[in-house]
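Asks: Residue numbers (the UniProt record's numbering): 1 to 86. For every residue, glycine included, the Cβ atom is placed at its ideal position computed from N, Cα and C. Fair warning: this is a prediction, and the values are worked out from it, not measured in the lab.
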Amino acid sequence: MFTGAHLERMEQITRDLCADFECEPAEFTGEASNVHLLVNFPPKVALSRHYYRANELWSGSYFAGSVDGAPISVLRQYIEQQNRPV
1 MFTGAHLERM EQITRDLCAD FECEPAEFTG EASNVHLLVN FPPKVALSRH YYRANELWSG
61 SYFAGSVDGA PISVLRQYIE QQNRPV
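1) Secondary structure at G4, three-state DSSP: helix, strand or coil?
2) Could you check which residue in Q82, D16, S33, E31 has the C-alpha nearest to that of P25?
3) Given a cut-off of 8 Å, decide if E8 and N83 are closer than it, judged by their beta-carbon atoms.
4) Let me know the secondary structure DSSP gives E27 once reduced to three states.
5) According to the Cβ coordinates, are T3 and P85 closer than 8 Å?
Dropping the structure here:
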């Protein structure tokens, strides 16, 4: 279960990782059981990654997807409406 302190630390880690990948975190929040973030990736960055130990393309612990044509305002609104713990 995530607390507000956990989410604050994860947000800082996300910002640091985004800087490494030359992308921009647009929104970040979370709930007690999951995290929601909106990141602007440059076209040269692939969203998926391969888990060699698990022999799976996706881990059951996260989902990453791309959106094309959806207004950023709608995505931000969805993320902002999540119930972030204190």
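Replies: In brief:
1) helix
2) D16
3) no
4) In the three-state reduction of the DSSP assignment, E27 falls in the strand class.
5) yes
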